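*Asks:* The numbers in the sequence shown follow the working numbering, run straight up by one, and end at 970. All C-beta atoms in this analysis are idealised placements derived from N, C-alpha and C, irrespective of residue type, glycine included. Every value quoted in this text rests on a predicted model; they were computed, and no experiment measured them. Let me begin by handing over the structure; questions about it come next.
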Amino acid sequence: MKKYNVGVVGASGAVGEELFKILEEQNFPIAKLIPIASARSAGEEIEAFGQKHVIQELTPEIFAKENIEIAFFSAGGEVSAEFALHAAKAGAVVIDNTSYFRMDKDVPLVVPEVNPQDIALWKKKGIIANPNCSTIQMVQVLSPLHQKYTIKRVDVSTYQAVSGAGKKGMEELIMQMQKFFAFELEEAESKAFPHRIALNLIPQIDKFMPNDYTKEEMKMIDETNKILHSNIAISATCVRVPILRSHSESITITFENEVDSNEAKKLLEGAKNIVVCDEPEKLLYPMPMIATDTDETYVGRIRNDLFDKKILHLFCVADQIRVGAATNAVRIAQEWIKL
Ligand code: NAP
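Structure representation (structure tokens):
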């Protein structure tokens with residue numbers, strides 16, 4: 632089997648670190664691993680595949696110099712804007728975790744369980760985009776339901792973990808909780824989030840757009856329709872909550888026709904990388920603590936609306952650093968090498 636030179640831009644970040652773990656767990660066919668970050672972390676070492684690898688500084692030339700064939704990017708949109716095309720020009724396929732290229736019509740936006748066929752369009756720019764973390768887990772659940780019953784409308788509220796904002800998000804929540812236990816919470820600074828996140832929740836993720844939705848909410852709306860090749864009416868409310876890891880979503884789905892919740896449950900039980908966790912009598916339902924560190928999307932609380940049989944409600948949870956970023960990126964790469 633052919634082995635690949637794999638570069639990871641953003642190697643010292645929350646997503647980058649998880650990528651190394653998943654590549655190793657999946658026994659990804661790697662010839663050479665090249666961790667890349669900014670000058671801040673260059674020279675530091677990461678451990679993967681039983682070896683230490685020195686982080687290199689990102690430059691436009693590094694992709695050609697190291698003969699990188701697969702380049703995972705997770706260092707923010709500005710870095711992808713500046714460097715992804717250098718990587719593609721040097722012959723690499725770029726799998727980009729940032730939002731920069733997601734809505735570019737020449738860049739496929741892929742969740743391998745949903746639209747693997749779109750990967751073939753990678754040649755247009757040499758780039759495949761990984762969707763937003765909240766979008767990925769939602770479309771994994773919507774896709775089988777849409778194929779069988781045709782969705783008309785989706786209303787979603789999210790409960791998003793602080794690690795969605797990277798390592799600095801986690802550090803800020805931990806620091807503020809330490810201040811709380813030291814009776815100093817009032818002095819806690821907020822840098823990663825617009826308000827204190829400890830013992831609070833914030834109904835704003837990313838900046839506000841002129842239409843009063845946030846950019847995160849618009850990502851969920853636009854990306855979902857791009858991935859599903861649909862024109863579904865969607866409304867999203869994205870909320871940051873004081874938990875470290877795994878995003879939760881309360882989703883209300885309106886179908887063209889009546890849908891039975893037990894049938895829908897059976898359908899989801901057969902869907903790839905979905906775990907139906909729905910036994911209310913045993914107090915079993917999806918929660919961040921069961922999704923964290925796993926590669927599945929958990930769905931439960933599946934029930935019909937009490938007033939309209941065309942409506943289903945459900946709750947889904949996934950580890951957004953894995954399912955919502957690193958695992959999805961590795962799954963894309965695994966499909967890409969089959970082309
Ligand atoms: P993070 O923990 O803050 O890590 C950022 C990484 O980017 C670090 O390795 C950092 O390297 C590197 N970096 C920053 N500026 C750079 C530059 N100018 N040149 C080279 N490297 C640079 O962030 P993250 O959570 O891993 O997120 C990374 C990207 O993935 C973001 O675009 C984010 O939106 C996306 N994403 C994140 C999640 C999530 O749940 N966290 C989910 C989906 C998508 P240094 O150590 O050198 O600063």
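#1: Am I right that N831 and P873 are in contact with their C-beta atoms under 8 Å? What's the rounded C-beta distance?
#2: Thinking just about the alpha-carbon of each residue, which of N904, I759, D939 and K897 is nearest to the one in A718?
#3: Using a Cβ-Cβ cut-off of 7 Å (strictly less than) and excluding sequence neighbours within five positions of A751, which residues of its own chain qualify?
#4: Output yes or no for whether 8 Å exceeds the beta carbon distance between K896 and V906.
#5: So what's Y731 in DSSP terms, helix, strand or just coil?
#6: Comparing C-alpha positions only, which one of A670, A721 and L716 sits nearest to A695?
#7: Under DSSP, the alpha helix (DSSP H) around Q807 begins and ends at which residues?
#8: At the level of alpha carbons, what is the spacing between D891 and Q807?
#9: Report the CB separation of N904 from E744 in whole angstroms; it is logged as a contact under 8 Å.
#10: Whole angstroms is fine: what's the gap from K755's alpha carbon to K736's?
#11: Extract the residue ranges of the beta strand (DSSP E) inside the segment 635–679, only unbroken runs of 3 or more that lie entirely within it.
#12: Using the Cα positions of E700 and K838, report the straight-line distance between them to the nearest angstrom.
#13: With three or more beta-carbon pairs closer than 8 Å as the criterion, would you say the segment 914–928 touches the segment 775–788?
#14: Would the beta-carbon of K940 fall within 8 Å of that of E889?
#15: May I ask you to check if the CB of K696 is nearer than 7 Å to at least one heavy atom of the ligand FAD?
#16: Which runs of the beta strand (DSSP E) fall wholly inside the segment 829–868 and span at least 3 residues, in chain order?
#17: Label V793 either buried or exposed according to how many other C-beta atoms from any shown protein chain fall within 10 Å of its C-beta, with 16 as the threshold for buried.
#18: Verify whether the separation of the beta carbon atoms of I858 and L740 is less than 8 Å.
#19: Please state whether DSSP places I934 in a helix, a strand or coil.
#20: For E966, which three-state DSSP category applies?
#21: With a threshold of 6 Å on Cβ separation, who are the neighbours of P747 within its own chain once the five nearest residues in sequence on each side are excluded?
#22: For E887, count neighbouring C-beta atoms within 10 Å of its own C-beta (all shown protein chains included) and say buried if the count is 16 or more, exposed if not.
*Replies:* Taking the geometry as given:
#1: 7 Å
#2: It is I759 whose Cα lies nearest to the Cα of A718.
#3: L970
#4: no
#5: coil
#6: A721
#7: Looking at the DSSP string, the run of the alpha helix (DSSP H) that includes Q807 is K798 to F812.
#8: Roughly 45 Å separates the two Cα atoms.
#9: Between N904 and E744 a beta carbon distance of about 6 Å is seen, short of the 8 Å cut, so the two are scored as contacting.
#10: Cα-Cα distance, rounded: 10 Å.
#11: 635–640, 661–668 and 676–679
#12: 35 Å
#13: By the Cβ rule, the segment 914–928 does not count as touching the segment 775–788, because fewer than three pairs are nearer than 8 Å.
#14: Yes, the pair counts as a contact, with Cβ atoms nearer than the cut-off.
#15: With respect to small molecules bound, the structure shown includes the ligand NAP and not the ligand FAD.
#16: Segments of the beta strand (DSSP E) lying fully in the segment 829–868: there are none.
#17: The residue is buried, with at least 16 neighbouring Cβ atoms inside 10 Å.
#18: yes
#19: A small correction: the amino acid at residue 934 is Arg; Ile does not occupy that position in the sequence shown. In this structure, R934 counts as strand in the three-state DSSP scheme.
#20: helix
#21: E966
#22: exposed
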